[in-house]
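Asker: What follows is a structure written as structure tokens; I'll ask about it next.
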Amino acid sequence: MAEARRRRSNGEASRQRILDAAAQIAGERGYEGTSINLVSERSGLPASSIYWHFKDKDELIAAVIDQSFQLWNEELARPVALPDDATADEVFHLGLRHTGEALARFPDFLRLGLLLILEQRPEEPTARSRFMAARRETAGDVARLYGRMFPDLDESARGQLVTLTMALADGLFIAGDAGEVDLDNAFDLLATAVLSTARTLQQG
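When we follow this note's numbering, the leftmost residue of the sequence shown carries the number 2, and every step to the right adds one.
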């Protein structure tokens, strides 16, 4: 039993080394520039070990997206310090700044996912579907938040806010990758845009 636990622990450690190496390379070179050979070199593990854990590059990148998305969500769940007298708008701004900070720390799922969506190639169906599942989960979370924040808006109007939020977040993330903005400051601007749009929609 002890031997089985040791092998399982070693297997988990190897899998994590592979994921960490793949995430680093994908962050530097994107999906196209990530190869099993490079992951093998970076992780110090043979290609056979990578293929033991992952069927192919598509499955490996899907696992990178899963891990990054999970870490981002865990970071989002950390409490944000709020002033005692903070208004609802101020809380929203602080929350979105926190979202941008978390995304700056764990960007891989969004960077890789956007590349996969834009390239529209058939070679990575698993990775693309994992990203789209993460995107639907995020959109659902945002929709529930807006349901609490803007109860006077109907479902259609809240849907417009969700679409706006996701689209602007994508664009701001790309601007951050280009070095044009800091994501926490950029997401503060996103908060302003969302609140302004919500008030316009509330006025009919």
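We put the beta carbon where it would ideally sit given N, CA and C, even for glycine.
Return yes when the Cβ of Glu125 is within less than 8 Å of the Cβ of Tyr32, no when it is not.
Answerer: It is a contact, given that the beta carbons lie within the stated cut-off.
Asker: Do Asp178 and Arg112 have their CB atoms nearer than 8 Å?
Answerer: Result yes, Cβ atoms of Asp178 and Arg112 sit closer than 8 Å.
Asker: What whole-angstrom Cβ distance do Leu61 and Ala23 have, given they're in contact under 8 Å?
Answerer: Contact flag correct, Cβ pair sits at about 5 Å.
Asker: Might you give, ordered along the chain, the residues of its own chain that have their beta carbon closer than 7 Å to the beta carbon of Leu20, omitting 5 neighbours on each side?
Answerer: Answer for Leu20: Ala64, Val65 and Gln68, listed in chain order.
Asker: Output needed for Phe70: all residues of its chain with C-beta closer than 6 Å, excluding positions within five of it in sequence on either side, in chain order.
Answerer: Counting only Cβ-Cβ distances below 6 Å, and skipping sequence neighbours, we find Phe110 and Ala135.
Asker: Can you confirm whether the stretch 84-94 touches the stretch 179-198 when touching is taken to mean that 3 or more C-beta pairs between the two stretches lie within less than 8 Å?
Answerer: Contact holds: three or more Cβ-Cβ distances are below 8 Å.
Asker: Which residue from Gly45, Leu83, Ser49 and Leu115 puts its Cα closest to that of Ala27?
Answerer: Measuring from the Cα of Ala27, the nearest candidate turns out to be Leu115.
Asker: Can you have a look at Thr201 and say buried or exposed, based on whether 16 or more other CB atoms are within 10 angstroms of its CB?
Answerer: Exposed.
Asker: Quick check: the stretch 129-145 against the stretch 156-166, are there 3 or more CB pairs under 8 Å?
Answerer: Yes, they touch.
Asker: If Leu154 and Gln204 are in contact, beta carbons under 8 Å, what's the gap, nearest whole angstrom?
Answerer: Contact flag wrong, Cβ pair sits at about 11 Å.
Asker: Span of the alpha helix (DSSP H) holding Leu202?
Answerer: Segment Leu184 to Gln203, the alpha helix (DSSP H) holding Leu202.
Asker: So, for Met150: in the same chain, excluding its five sequence neighbours on each side, which residues have a beta-carbon less than 8 Å away from its beta-carbon?
Answerer: The residues are Ala89, Phe93 and Ala199.
Asker: Give the range of the alpha helix (DSSP H) segment to which Lys56 is assigned.
Answerer: Neither: Lys56 is in no alpha helix (DSSP H) and is coded neither H nor E.
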